[in-house]
Structures are given as structure tokens and as C-alpha cells.
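*Asks:*
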Amino acid sequence: MPELPEVETIRRQLAPLVEGRKLARVEILDPRWSRPLAPSELADALSGRRVQRLGRRGKYLVWHLSGDAYLAQHLRMTGAVLCEPEPEPAHVRVLIELAPKRRLVIVDPRRFGTGELLLGSDALEDFFAARLGVEPFDERFTPEHLRSIARGRSTPIKALLLDQRRIAGIGNIYADEALHRAGVHPLRPAGRLTREQYACLRGTVVEVLNAGIEARGATIDDFRHVDGVRGSFQDRFLVHRRAGEPCPSCGTTIVKMVVVGRGTYVCETCQPRPRRARQSRR
Ligand SMILES: [Zn+2]
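Each residue of the sequence shown is one higher than the one before, starting from 665 at the first, in our numbering.
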């Protein structure tokens, strides 16, 4: 699934192609994309509006449109936005014709992607307030903030990192990479890290997200740039998807385990298992 760095990569590529242009014609081919609105309702509401700015919040692309309207677009598992694709791709869900002339195609093989219309900046604010916590690049995401949202929680720290309502934009890849770089086991109870570990983890979260953006995202399955090119951060993973390989820091074999239902990659020398989890394993 595209995470913050992948969505930010798309935003940076797409913004200069769409900002200042008008949505001349929108055709939504999949009713799942526009729910709860019918495809024609959403298409009508969007058509004729000018794209003032393309923003991002968490893993959402946010189209700021004329008339105080917003489209909150989520790519979910396999969504991609392609500009002038040649030849015509498979799995097309939405066609957008811009004026001056430019053609965008939203493809999505697994069809979980969505586009939600929000009328007015209050509606936009409410939409995200109900769904997303702090942005990792926001100055409010301090070590103290991470500590305060973790306080008293016995759920694994990885679950906290993945919880979009607490911190926006982190998914499975960047959670594994941030925890490894901080030397924190993903099963550590979220509320039981030391003050130093919260500070370190806050730093490695920002570090891996920045590294992901610099590498223009990671392509594991379907993630593609606006021009169809793949990202390269997958070549820089230290632990994610590297089970059976030696840890780059200490040489211990990286293991795969399931944490909160997600395939999770750990070096259990650099990231010591919490004592309680060690006991419950016997
Ligand atoms: Zn190691």
C-alpha cells in the first residue's frame, strides 16, 4: 500500500501537472470509487472546478478545488494516478480531462481506492479530525507527543505507529524500518519505552519517511509514479522483506513474525524482545 512517502512522491509529480488547470470532464467508471455518491453525482460536482492546489494529509491526496470544494483521494492498496499513459492501461477507474488539455487516468486493480467530496473547509477539517492524527513532519510531532499518545498503552508499539488516528501516514514498511533504526522491538508495549527511546523513535520515523521521499517511494507490488516509473526505496530497506538475510548492523539473521496481523521484520539482536513476550512464547 502506498504510505506517506509514496503519496507525497505522487503529489510532488502531479501538482505541477494539475495546479491551475480546470477539471473539464470527469468520468468515474467504478461506483466503489465515488461512494457514497453515485459516479455521475461526484463527476458533476467536480467538473468545471479549477485545481487550486494539490495537497496531502497522511496517505490522502487532497485536491483543493475552486468554490471551496475538496476531493480527498485515497489510493489504498493498488491505486495509481497516471498522466497521458500510453498505451491505455488496464483497470481504469476514473478518467480526468483537464483544460488546458491534459489527460489523467486513475487505475486500481484491487478497487479499494476512493475519492470523497468535501464541501467547505470545515467539512475538510472534520473529515480529517475524525480519521487522522498528527502529521509526522508537523512541528507538533515531538518526542513528548509520541510519549503522550503511547502513555498507558499495552498494545505493541508497532500497532501505535500504524494507527492513522494517532500518527498519520505510516504503514507497514516505514514502521518496520523506523523501529529497526531505533533498536525497538515491534512487540514492545507502546507505553513502556524509555524517554530516550521515544525521542529516538520519533527521530527515526521522520528519518525513514524522508529517506522514502528522497528515493521517490518504495515499489513492492503496484506503486507507480505519475509517469509509470517505480520507486527505489525497496533497495534501501534494512529489515523489511529481508527475512533470512543478515542484519546490516550486526549480522544476525533477520526474522519475519506477525504483529497486529502484519508481516513484520526484525533483527532480534538490535531490537531485543520484551521480557513478557519472551515468556509467553514458551
Ligand atoms: Zn542487528
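The C-beta atom is built at its ideal place from N, Cα and C for all residues, glycine as well.
Can you tell me the Cα-Cα spacing of Phe791 and Leu810, whole angstroms?
*Replies:* Start at 1 with the first residue of the sequence shown, and residue 791 comes out as number 127. Start at 1 with the first residue of the sequence shown, and residue 810 comes out as number 146. Cα to Cα, the separation comes out at about 23 Å.
*Asks:* Sort out for me which residues DSSP pairs Met921 with in a bridge.
*Replies:* On the sequence shown, position 257 is the one that residue 921 refers to. Note: Met921 sits in a beta bridge opposite Thr928.
*Asks:* Ala875 and Phe897 - do their beta-carbons sit closer together than 8 Å?
*Replies:* By 1-based counting over the sequence shown, the position of residue 897 is 233. By 1-based counting over the sequence shown, the position of residue 875 is 211. Yes, these two residues count as a Cβ contact at 8 Å.
*Asks:* Straight-line CA distance for Val715 to Ala787?
*Replies:* Position 51 of the sequence shown, counted from the first residue, corresponds to residue 715. Position 123 of the sequence shown, counted from the first residue, corresponds to residue 787. Approximately 18 Å, taken between the alpha carbons.
*Asks:* State buried or exposed for Pro700, treating a residue as buried only when at least 16 other CB atoms are found within 10 Å of its CB.
*Replies:* Position 36 of the sequence shown, counted from the first residue, corresponds to residue 700. Exposed.
*Asks:* Check for me: the alpha helix (DSSP H) holding Cys864 runs from which residue to which?
*Replies:* Here residue 864 corresponds to residue number 200 of the sequence shown, with the count starting at 1. Arg859 to Glu878 is the span of the alpha helix (DSSP H), which, as asked, contains Cys864.
*Asks:* Quick check on the DSSP output: what are the complete alpha helix (DSSP H) runs of length 4 or more inside the region 798-864, in order along the chain?
*Replies:* DSSP runs (the alpha helix (DSSP H)) wholly in the region 798-864: 807-814, 821-826 and 836-846.
*Asks:* Nearest CA to the CA of Thr928: which residue from His849, Leu759, Val745 and Pro773?
*Replies:* Locating residue 928 in the sequence shown gives position 264, where the first residue counts as 1. With distances taken between Cα atoms, Thr928 lies closest to His849.
*Asks:* When every heavy atom of ligand 1 is checked, does at least one fall within less than 7 Å of the C-beta of Cys914?
*Replies:* Along the sequence shown, one-based indexing puts residue 914 at 250. Yes, Cβ of Cys914 sits closer than 7 Å to a heavy atom of ligand 1.
*Asks:* Measuring only the C-alpha atoms, how far is Val690 from Leu710?
*Replies:* On the sequence shown, position 26 is the one that residue 690 refers to. On the sequence shown, position 46 is the one that residue 710 refers to. Taking the straight line from one Cα to the other gives about 7 Å.
*Asks:* For the alpha helix (DSSP H) containing Thr673, name the first residue and the last one.
*Replies:* Position 9 of the sequence shown, counted from the first residue, corresponds to residue 673. Element bounds for Thr673: Leu668 to Val682.
*Asks:* Identify every residue that forms a DSSP beta bridge with Glu750.
*Replies:* Here residue 750 refers to the residue found at position 86 when the sequence shown is read from its first residue. In DSSP, Glu750 forms no bridge with anything.
*Asks:* Give me whichever residues DSSP pairs with Pro695 in a beta bridge.
*Replies:* As a working note, residue 695 is residue 31 in the sequence shown. According to DSSP, which records beta bridges pairwise, Pro695 is partnered with nothing at all.
*Asks:* Let me confirm a value: Arg717 is counted as buried when at least 16 other C-beta atoms fall within 10 Å, else exposed. Which label applies?
*Replies:* Numbered from 1 along the sequence shown, position 53 holds the residue referred to as residue 717. Under this definition Arg717 is an exposed residue.
*Asks:* In the DSSP assignment, find the unbroken alpha helix (DSSP H) run with Glu705 in it and report its ends.
*Replies:* Translated into the one-based positions of the sequence shown, residue 705 becomes position 41. Start and end: Pro703 to Leu710.
*Asks:* Hey, quick one: how far does the alpha helix (DSSP H) through Glu789 stretch, first residue to last?
*Replies:* Within the sequence shown, the letter at position 125 stands for residue 789. Ser785 to Ala793 is the extent of the alpha helix (DSSP H) around Glu789.
*Asks:* Can you list, in chain order, the residues of its chain whose CB lies under 6 Å from that of Asp744, leaving out five sequence neighbours each side?
*Replies:* As a position in the sequence shown, residue 744 is number 80, starting the count at 1. It is worth fixing the name first, because residue 744 is Ala in this sequence and not Asp. Correct list, in chain order: Val771 and Arg888.
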